[in-house]
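See structure below.
Residue numbers (this note's numbering): 20 to 161.
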């Protein structure tokens, strides 16, 4: 029983600073202004784009990135999966398409943008085979 309680405590502790991704850029702007944070906007193909999948596993799921994001970023994901079973709702697809029309007209995947709270682009990058801490630094490099 004590072991079970300890495991649950550790699991909750590890996820306590995790931040969820949103699909709503307007809500992200509001939260960014309210909390004095930047916005990280990600364009990905979660079920077909190999570099997108690597970026998710190596960077977005890392404890270093999660800790940094919880303090400094509002996370927005515009995902364009190909499998029907992975497709988001029509409303989210419409939001993703609008984001792509504004920020990713070339259709790059993965495409990561750092935005200020007004939605202005501060930096752009894609997949890099580097450590989570190096990627965090690259997000802010100009």
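Note that the Cβ used here is the ideal one computed from N, Cα and C, for glycine as well.
So, helix, strand or coil for residue i, using DSSP?
i, result
"residue 34", "Residue placement at residue 34 cannot be trusted, given a pLDDT of 39 that sits under 50; the coordinates are not used to answer."
"residue 11", "Because the chain in this structure spans residues 20 to 161, residue 11 falls outside the shown range and cannot be described."
"residue 113", "helix"
"residue 130", "strand"
"residue 149", "coil"
"residue 161", "coil"
"residue 41", "strand"
"residue 29", "Unreliable positioning characterises residue 29 in this predicted model, as indicated by a pLDDT of 41, which lies under 50. The coordinate reading is nonetheless provided below. Looking at residue 29 - three-state DSSP - the assignment turns out to be helix."
"residue 137", "coil"
"residue 142", "strand"
"residue 82", "helix"
"residue 96", "strand"
"residue 76", "helix"
"residue 52", "helix"
"residue 156", "helix"
"residue 105", "helix"
Among the options, which one has its Cα closest to the Cα of residue i?
i, options, result
"residue 67", "57, 102, 52", "102"
"residue 82", "90, 147, 151", "151"
"residue 97", "154, 51, 106, 159", "106"
"residue 95", "56, 157, 154, 149", "56"
"residue 72", "140, 128, 115", "128"
"residue 40", "53, 49, 54, 88", "88"
Tell me, please, which residues DSSP counts as bridged to residue i.
i, result
"residue 58", "93, 134"
Review point. Using 8 Å as the Cβ pair cut-off and three pairs as the minimum, do the stretch 120 to 137 and the stretch 45 to 65 touch?
Key: Flag = yes, the stretch 120 to 137 and the stretch 45 to 65 touch.
Point to revise | Cβ pair count under 8 Å reaching 3, the stretch 70 to 87 against the stretch 43 to 53 | key: no
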